[in-house]
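>
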Amino acid sequence: MSKARPLTRRRLVTAIIVVALIQTAALARMVTDRAALLRNGTEVVLETGAIDPRDLFRGHYTILNLMISRIDPKSVRVDPALEPGMPVYVVLGPGADGYWQAENLLAAPPDSPVPLLRGLFEYAHDTEIILSFPIDRYFAPKDRALELEGINRDGRMGVILALDDSGYGAIKGLMIDGQRIYEEPLY
Numbered sequence: 006m007s008k009a010r011p012l013t014r015r016r017l018v019t020a021i022i023v024v025a026l027i028q029t030a031a032l033a034r035m036v037t038d039r040a041a042l043l044r045n046g047t048e049v050v051l052e053t054g055a056i057d058p059r060d061l062f063r064g065h066y067t068i069l070n071l072m073i074s075r076i077d078p079k080s081v082r083v084d085p086a087l088e089p090g091m092p093v094y095v096v097l098g099p100g101a102d103g104y105w106q107a108e109n110l111l112a113a114p115p116d117s118p119v120p121l122l123r124g125l126f127e128y129a130h131d132t133e134i135i136l137s138f139p140i141d142r143y144f145a146p147k148d149r150a151l152e153l154e155g156i157n158r159d160g161r162m163g164v165i166l167a168l169d170d171s172g173y174g175a176i177k178g179l180m181i182d183g184q185r186i187y188e189e190p191l192y
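Going by the working numbering, the first residue of the sequence shown is number 6, and it counts up by one from there.
#1: Can you tell which of P114, P115 and Y94 has the C-alpha that lies nearest to the C-alpha of Q106?
#2: Count the other CB atoms within 10 Å of the CB of A86; is the residue buried (16 or more) or exposed (fewer)?
#3: Helix, strand or coil: which one does DSSP assign to T132?
#4: Measuring CB to CB, does F126 end up less than 8 Å from L71?
#5: In terms of alpha-carbon separation, which member of N45, R123, L179 and I76 lies closest to E152?
#6: What did DSSP end up calling E88 once you bin it into helix, strand or coil?
#7: DSSP on E108, reduced to helix/strand/coil?
#8: Whose C-alpha, out of D182, A129 and L32, is nearest the C-alpha of P78?
#9: Got a sec, what are the start and stop residues for the beta strand (DSSP E) G178 sits in?
#10: If we count the other Cβ atoms within 10 Å of its Cβ and call it buried at 16 or more, is K177 buried or exposed?
#11: Using only CA atoms, which one of Y66, A31 and L43 lies nearest to R149?
#12: For a test of the three-state rule: what should DSSP assign to I186, helix, strand or coil?
#13: Which first and last residues belong to the beta strand (DSSP E) in which V164 is found?
#14: Under DSSP, the beta strand (DSSP E) around F144 begins and ends at which residues?
#15: Relative to the alpha-carbon of D116, which residue among A101, I135 and V96 has its alpha-carbon at the smallest distance?
#16: In three-state DSSP terms, what is P115?
#17: Label T13 either buried or exposed according to how many other C-beta atoms from any shown protein chain fall within 10 Å of its C-beta, with 16 as the threshold for buried.
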């Protein structure tokens, strides 16, 4: 009977070590994937407005009110298959003002590689299409968030995104009036 106990304890310790290694590997994968996206992703700059709210658990952040979240339906080609609640793939093109603009709204990613941002098709009116994106908050220390809000009142703010081929993006940095004011570290 005493022999079975060490064997059970050994299995338990082995199982704990295996679980810890799997969790560590998953965490390392998430960090390296984000760093690879920031390093190698297609860089685009989207115009944004911002406000400075607080989250009790996560701290201060700036809500990035992306201008491509509200689109004039006459300014883009819209895939007729799109319906509210569906994923939307926004094909981006450089605008004359330095900020990237939506060119097409697609229900599926295109076959050819183009700068693409994946979001959610919320709803459409005759005068406006509403989209949402998972990159709508930029967390910063309190002083930095307040500084960004003050700067944003005085100039045009842009968010620099790194995009992968499937339309997923990560915030790479921030711009005010065409000048980079912050770049996200890789690690």
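Virtual Cβ for every residue (Gly too), placed ideally from N, Cα, C.
Put simply:
#1: Selected option, being the one with the closest Cα: Y94.
#2: exposed
#3: coil
#4: no
#5: L179
#6: If DSSP states are grouped into helix, strand and coil, E88 belongs with coil.
#7: strand
#8: A129
#9: G174 to I181
#10: buried
#11: Y66
#12: strand
#13: M162 to L168
#14: If you look at F144, you'll find it in the beta strand (DSSP E) that goes R142 to F144.
#15: V96
#16: coil
#17: Around the CB of T13, fewer than 16 other CB atoms lie within 10 Å, so the residue is classed as exposed.
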